[in-house]
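The sequence shown begins at 1 in the UniProt record's numbering and counts up by one. All C-beta atoms, glycine included, are put in the ideal place defined by N, C-alpha and C. Bear in mind the structure is a predicted one, so any value in this text is a computation, not a measurement. Below you'll find the structure, written out as structure tokens, and then a few comments.
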Amino acid sequence: MDPQICFATIVRQVATLFDATQSRAATPDHVAINEATPLKSATTIDPASWSTRRKWFYTFLVGLTMFNGSFASTAPNGAGTHMVKQFGLSNEEMVFIATSFVGGCVAGPLLWAPLSEIYGRRVVFLSSTLFYTLTNIGCALAPTKSILFSCRFLAGAFASSAFSNAAALITDLFPPADRARPMIVASLAPLLGPCFGPLFGAVISLNLRWPFVFWLLGAIGLLLEAALFCVPETYVPVIAARSNPKEALQPRATWRQRARTFVVINLGRPLNMMCREPIVMCANFYLSFFFALIWPLIFGPPGIYRLDSVHTGFTFLPMGFGGAIAAALLPLCEKYYSNRCKAAGGPVPEARLLPTFFVAPLVAVGLLWAGWLGRPTVPYQLPMLAGIPIGAAMVLVFQGWIGYLGDCYRWYSSSASLLYFTAPQIAATVIGRSLSGATIPLCTHRLHEKLGGIGYLYTMLAGLVILTMPLPYLVFRFGERLRSSSMYKPGRA
């Protein structure tokens with residue numbers, strides 16, 4: 001059977017089963033909240049009523065997990081020279097050390113997001129961080145490159161729980177009117193990690209040996225595991241179920257019923273949202289496309305300036321600086337959102353998209369800047385500064401779309417947020433999209449060779465960026481109409 005026909009048949013069957021059980025999807029499927037049942041305390045049940053200091057402390061901790069996940073994706077790059085000598089790696093295999101981690105980051109949330117909606121955020125954070133720590137120890141002790149690649153993939157899969165659930169936890173803690181500032185953490189942390197990772201790896205491997213990069217990543221994971229014990233459960237339906245188990249839980253189900261519920265509803269929900277929700281499809285494409293643009297910059301042509309690993313690590317810092325500038329300006333967008341909500345008398349999710357209007361121009365300018373100034377006759381500091389507008393754009397694109405999805409799908413923000421790191425081909429399977437996203441760096445050097453230099457490659461990418469410019473405007477204009485027809489519209493059974 002043709003693979004595309006087979007995939008379409010599977011999607012239709014899952015959607016049919018999903019629709020048959022949709023009446024149960026207003027809250028997590030093992031939880032049926034009885035609104036007439038008095039719960040222990042509104043302050044205990046609703047994390048949004050906790051103190052501001054407490055909520056920001058938890059936001060900072062989960063922001064560290066996001067930073068750590070993205071940091072670990074590029075930290076081994078700085079130790080590449082030493083790893084090549086020990087394992088005899090080719091250029092493609094060296095790149096694969098990073099892309100295998102990214103492949104795990106894209107595949108992992110398919111499991112973590114549904115589990116967080118069943119068992120809560122806390123259990124997922126604690127379990128995934130523990131296994132992330134163990135897999136980094138496996139990388140440090142790996143005797144062969146095959147074991148190293150396998151451990152890197154698993155490390156990415158476990159680290160990815162932060163990317164799918166941190167934004168969801170922030171959505172749990174803050175109401176829409178107060179969500180913009182904490183969402184800056186979720187936007188800035190994934191960008192800063194890749195900026196500092198190569199420099200960290202280069203310094204460690206230069207003064208010690210390359211396994212110490214992974215030993216230190218494991219130590220960081222262990223510290224995060226201890227810190228995450230301070231974070232309580234924040235998902236309201238799970239808190240309510242634990243507060244009143246007799247009233248909140250459904251009759252005890254068999255293992256077969258639980259398995260069917262998990263597969264059809266919890267695993268089917270992300271697939272259903274991806275294939276049938278236009279808003280999620282647009283966010284999926286836009287975020288995936290701009291996330292993919294980072295990799296040609298990180299894995300750019302190595303031989304233009306012939307810098308050592310430490311100086312190469314410094315070249316990524318301007319992206320972090322640009323992200324910090326964008327984060328400092330985001331309160332202006334928050335003010336616009338507040339004014340729109342006051343004028344409308346309620347939340348206006350489309351107002352979250354204002355930062356995305358500036359993304360395409362900034363990225364296009366940065367790509368042209370880096371592409372045509374990246375040559376031996378030009379000091380390397382000049383093309384390095386092109387990372388400033390690109391870094392600013394990365395924060396803006398995540399801030400806009402993460403906030404928008406959080407407002408549109410509050411109860412299912414975890415399932416929606418896992419789509420941030422899928423590849424842009426909507427019609428492909430999840431695994432296929434994950435693999436395509438992870439293989440982008442493997443093609444970078446060949447694209448440089450085929451197109452005759454980075455100037456032509458980055459010009460082509462800038463042209464593609466300009467073509468995507470109308471998308472956020474269209475969602476801004478027609479988003480309310482799309483939300484009104486959504487099967488996940490609040491209150492719709």
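* Asked: With respect to the alpha helix (DSSP H) encompassing P194, which residues constitute its N-terminal and C-terminal limits?
  -> Counting from 1 along the sequence shown, the entry for residue 194 is found at position 194. Looking at the DSSP string, the run of the alpha helix (DSSP H) that includes P194 is 180–207.
* **Spatial distance of P28 from V238 (CA atoms)** => To locate residue 28, count along the sequence shown from 1; it is residue 28. To locate residue 238, count along the sequence shown from 1; it is residue 238. Caution is warranted here: a pLDDT of 41 is assigned to P28, below 50, making its placement in the model unreliable, and the coordinate value is therefore given only provisionally. Using only the alpha carbons, I get a separation of about 8 Å.
* Asked: Do you know how far the Cα of S116 is from the Cα of R122?
  -> For the purposes of this step, residue 122 is taken as the residue at position 122 of the sequence shown. For the purposes of this step, residue 116 is taken as the residue at position 116 of the sequence shown. The straight-line gap from Cα to Cα measures roughly 8 Å.
* Cβ-based burial, V378 [other Cβ within 10 Å; buried from 16] -> Numbered from its first residue, the sequence shown carries residue 378 at position 378. Burial call: exposed.
* Identify whether F316 lies in helix, strand or coil by the three-state DSSP scheme. => The residue labelled residue 316 in the question sits at position 316 within the sequence shown. F316 falls in the coil class under three-state DSSP.
* So is T43 buried or exposed if we call it buried at 16+ other beta carbons inside 10 Å? -> Position 43 of the sequence shown, counted from the first residue, corresponds to residue 43. Residue placement at T43 is flagged as unreliable, the pLDDT there being 47, under the threshold of 50; the coordinate-derived value follows with that caveat. Result: exposed.
* So, helix, strand or coil for G374, using DSSP? -> The sequence position of residue 374 within the sequence shown is 374, counting from 1. Coil.
* To do: Might you give, ordered along the chain, the residues of its own chain that have their beta carbon closer than 7 Å to the beta carbon of F476, omitting 5 neighbours on each side?
  => Numbered from its first residue, the sequence shown carries residue 476 at position 476. Excluding sequence neighbours, F476 sits near E350, L353.
* Asked: Which residue's Cα is closest to the Cα of I279: K55, Y404, T459, T99?
  -> Residue mapping note: residue 279 aligns to position 279 of the sequence shown, counting from 1. Of the candidates K55, Y404, T459, T99, the one whose C-alpha sits nearest the C-alpha of I279 is Y404.
* When DSSP labels each residue in this structure, what does F57 get in the three-state scheme? -> The sequence position of residue 57 within the sequence shown is 57, counting from 1. Helix.
* Could you tell me the distance, in whole angstroms, from the CA atom of R209 to the CA atom of E277? => What you label residue 209 is simply residue 209 of the sequence shown in a count that begins at 1. What you label residue 277 is simply residue 277 of the sequence shown in a count that begins at 1. Between R209 and E277, the C-alpha separation is close to 48 Å.
* Kindly indicate which three-state DSSP category M487 falls into: helix, strand or coil? => Within the sequence shown, numbered from 1, the residue matching residue 487 stands at position 487. Of the three classes helix, strand and coil, the one that applies to M487 here is coil, per DSSP.
* Asked: Smallest Cα separation from T468: which of W372, Y380, A360, G345?
  -> What you label residue 468 is simply residue 468 of the sequence shown in a count that begins at 1. Comparing alpha carbon positions, the residue from W372, Y380, A360, G345 closest to T468 is A360.
* Asked: Are the beta-carbon atoms of F96 and F149 separated by less than 8 Å?
  -> Locating residue 96 in the sequence shown gives position 96, where the first residue counts as 1. Locating residue 149 in the sequence shown gives position 149, where the first residue counts as 1. Result yes, Cβ atoms of F96 and F149 sit closer than 8 Å.
* Would you say F125 and N165 are within 8 Å of each other, going by their C-beta atoms? -> Residue mapping note: residue 125 aligns to position 125 of the sequence shown, counting from 1. Residue mapping note: residue 165 aligns to position 165 of the sequence shown, counting from 1. Yes. Within cutoff.
* **Selection from R179, F212, L192, G63 that minimises the alpha carbon distance to H82** => Against the sequence shown, residue 82 aligns to sequence position 82. The shortest Cα separation from H82 among R179, F212, L192, G63 belongs to F212.
* Who are the Cβ neighbours of M399 in its own chain at under 7 Å, not counting the five residues just before and after it? -> To locate residue 399, count along the sequence shown from 1; it is residue 399. First, the amino acid is wrong: residue 399 is Gln here, not Met. The beta carbon of Q399 sits closer than 7 Å to the beta carbons of M183, I184, S187, L330, P355 from its chain, once the five residues preceding and following it are set aside; these are given in chain order.
* Three or more C-beta pairs below 8 Å linking the segment 229–244 and the segment 167–179 -> By the Cβ test, the segment 229–244 is in contact with the segment 167–179, since at least three Cβ pairs between them sit closer than 8 Å.
* **Length of the line joining the Cα atoms of residue 503 and M281** => A question about residue 503 goes unanswered here, because the residues of the chain that appear run from 1 up to 493.
* **Residue ranges of each alpha helix (DSSP H) within the segment 44–118, 4 or longer** => Considered as a whole, the segment 44–118 harbours 52–74, 80–87, 91–107 as its complete alpha helix (DSSP H) runs of no fewer than 4 residues, in chain order.
* DSSP-derived helix/strand/coil call for C282 -> By 1-based counting over the sequence shown, the position of residue 282 is 282. Shown here, C282 sits in a helix according to DSSP, grouped into three states.
* Helix, strand or coil at A351 according to DSSP, with G and I counted as helix -> Position 351 of the sequence shown, counting from 1, holds the residue named residue 351. Three-state DSSP puts A351 in a helix.
* Length of the line joining the Cα atoms of I454 and P383 -> Sequence index remark: in the sequence shown, residue 454 carries index 454 (1-based). Sequence index remark: in the sequence shown, residue 383 carries index 383 (1-based). Between the alpha carbons of I454 and P383 lies a gap of roughly 11 Å.
* Asked: So residue 509 packs on A462, CB below 8 Å; how close in whole Å?
  -> In this structure the chain extends from 1 to 493, so residue 509 is not present and cannot be described.
* Asked: If you run the structure through DSSP and keep just helix, strand and coil, what is T234?
  -> Translated into the one-based positions of the sequence shown, residue 234 becomes position 234. Here T234 sits in coil by DSSP.
* **Which of helix, strand or coil DSSP assigns to A386** => Counting from one through the sequence shown, the residue named residue 386 turns up at place 386. Judged by DSSP in its simplified three-state form, A386 adopts coil rather than helix or strand.
* To do: Assign D308 to one of three DSSP states: helix, strand, or coil.
  => Translated into the one-based positions of the sequence shown, residue 308 becomes position 308. In the structure shown, D308 sits in coil (DSSP, three-state: anything other than H, G, I, E or B).
* Between the C-alpha atoms of Y58 and K85, what's the straight-line distance to the nearest angstrom? -> Start at 1 with the first residue of the sequence shown, and residue 58 comes out as number 58. Start at 1 with the first residue of the sequence shown, and residue 85 comes out as number 85. Using only the alpha carbons, I get a separation of about 42 Å.
* Starting from the N-terminal side, write out each stretch of the alpha helix (DSSP H) that is 4 residues or longer and does not extend beyond the segment 126–178. => For the segment 126–178, whole alpha helix (DSSP H) runs of length 4 or above, ordered along the chain, are 145–159, 161–173.
* Contact under 8 Å by Cβ, G156 with S73 -> Here the question's residue 156 lines up with position 156 in the sequence shown. Here the question's residue 73 lines up with position 73 in the sequence shown. Yes, Cβ-Cβ distance for G156 and S73 is below 8 Å.
* **For F87 and M94, the rounded distance between their alpha carbons** => Locating residue 94 in the sequence shown gives position 94, where the first residue counts as 1. Locating residue 87 in the sequence shown gives position 87, where the first residue counts as 1. Inter-residue distance for M94 and F87 is about 10 Å (C-alpha atoms, whole angstroms).
* Other residues of its chain near K335: CB distance less than 7 Å, five sequence neighbours each side excluded -> On the sequence shown, residue 335 is found 335 positions in, with the first residue counted as 1. None.
* Asked: Is the Cβ-Cβ distance between A393 and L373 less than 8 Å?
  -> Stepping through the sequence shown from its first residue, residue 393 is reached at position 393. Stepping through the sequence shown from its first residue, residue 373 is reached at position 373. No, Cβ-Cβ distance for A393 and L373 is not below 8 Å.
* Return the CA-CA distance between A386 and L464, expressed in angstroms with no decimal places. => Here residue 386 refers to the residue found at position 386 when the sequence shown is read from its first residue. Here residue 464 refers to the residue found at position 464 when the sequence shown is read from its first residue. If you take the alpha carbons of A386 and L464, they lie about 18 Å apart.
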